[in-house]
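To start, the structure itself, in structure tokens.
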């Protein structure tokens, strides 16, 4: 049996495999290590439909001349899952009350929900809450999912649009000590929340770019314009974050303010610039 992956010959030596299902099971871990998953298959030139998957898995390999395994990257599959969730939100909004009571349970059994739970667990949890009538409104959930889709489809574009947000949050971090000293607790808390959202987005975009093999991949030793490896920027920023969290938990407002102004703000600017340079040079 000739085995191809996405139409290209695969250097695969069969040993004890007896069925098509055995072959796919053996390839599962190897594909997972490449960041891809099986998304379909073609047997002897005929695409296998969902309804005939079980029968195809049971076919003896001696009865198959060619097996073409189709794969998609996890990023592609996650984007497809998010698109399906957008349709799920529309279906949820269109349902009557009795149907909504069963909607979450049915949704959690869907393929898009399972993939979302694996790849973006926090978004899976938020979606499940919405479908239970709790948490975010459908409109609020839709806005978040659309943002995540943009990050997956155009990470460099999302990174570019963040520049004014980075400048804004860094200015607020630099003002944080004064806000704390003058009793502006609400503004100080708002600054920390704003920063958390921006930092989370930077790391999400970074991971998407990294998965695409961009120049700043830590394993590849990409560097920023200053010559400092991007991995070092990420590590240092993460270290300061841990210090800030510890100071916040200990209610050490003086240290929180100092870290925000003198460590976090400049490192956030450097990290953003380093990821941006690496993305452009990819």
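Numbering (our numbering), first residue to last: 28 to 309. Every residue gets a Cβ at the ideal spot worked out from N, C-alpha and C, and that includes glycine.
Practice item. May I ask you to list the residues that DSSP assigns as paired with residue 96? Key: 32 and 68
Practice item. Look up residue 46 in the DSSP assignment and say whether it is helix, strand or coil. Key: strand
Exercise for review: In angstroms with no decimal places, state the Cα-to-Cα distance between residue 191 and residue 93.
Suggested key: 53 Å
Review point. From residue 101 to residue 208, what does the alpha carbon distance come to, in whole angstroms?
Key: 47 Å
Practice item. Mind checking which residues open and close the alpha helix (DSSP H) that includes residue 191? Key: 190-208
Exercise for review: Using a threshold of 8 Å, state whether the C-beta atoms of residue 292 and residue 176 are closer than that.
Suggested key: no
Review point. From 158, 287 and 66, pick the residue whose C-alpha is nearest to that of residue 121; which is it?
Key: 158
Review point. Where residue 117 and residue 43 are concerned, what is the direct C-alpha to C-alpha distance, given to the nearest angstrom?
Key: 47 Å
Check your understanding: Over what stretch of residues does the alpha helix (DSSP H) that includes residue 230 continue unbroken?
Key -> 212-238
Exercise for review: Classify residue 161 as helix, strand or coil using the three-state DSSP reduction.
Suggested key: coil
Practice item. Using beta-carbon positions only, say whether residue 194 and residue 206 come within less than 8 Å of one another. Key: no
Review point. Is there contact here, the region 125-135 with the region 47-63, by at least three beta-carbon pairs under 8 Å?
Key: no
Check your understanding: Would DSSP call residue 37 helix, strand or coil?
Key -> coil
Review point. From which residue to which residue does the alpha helix (DSSP H) around residue 261 run?
Key: 257-276
Check your understanding: DSSP on residue 145, reduced to helix/strand/coil?
Key -> helix
Check your understanding: By a C-beta neighbour count over all protein chains shown, 10 Å radius and 16 as the cutoff for buried, is residue 57 buried or exposed?
Key -> exposed
**Study point:** As assigned by DSSP and simplified to three states, the class of residue 73
**Key:** strand
Review point. So does the region 78-96 actually touch the region 106-113, counting three or more Cβ pairs closer than 8 Å?
Key: no
Check your understanding: Does DSSP put residue 290 in a helix, in a strand, or in coil?
Key -> helix
Review point. Among 284, 77 and 258, which one has its Cα closest to the Cα of residue 204?
Key: 284
Review point. By a C-beta neighbour count over all protein chains shown, 10 Å radius and 16 as the cutoff for buried, is residue 154 buried or exposed?
Key: buried
Practice item. Go through its chain and collect everything with a Cβ distance to residue 95's Cβ below 7 Å, but skip five positions before and after it. Key: 31, 34, 68 and 69
Exercise for review: Check the C-beta distance from residue 232 over to residue 186 and give it rounded, since I have them as a contact under 8 Å.
Suggested key: 5 Å
Check your understanding: What first and last residue would you give for the alpha helix (DSSP H) that runs through residue 111?
Key -> 101-121
Review point. On the three-pair Cβ rule with 8 Å, is the region 158-174 touching the region 270-279?
Key: no
Point to revise | Rounded Cβ spacing between residue 196 and residue 230 (contact assumed at less than 8 Å) | key: Not confirmed; about 14 Å, so no contact.
Check your understanding: Less than 8 Å separating the beta-carbons of residue 267 and residue 298?
Key -> no
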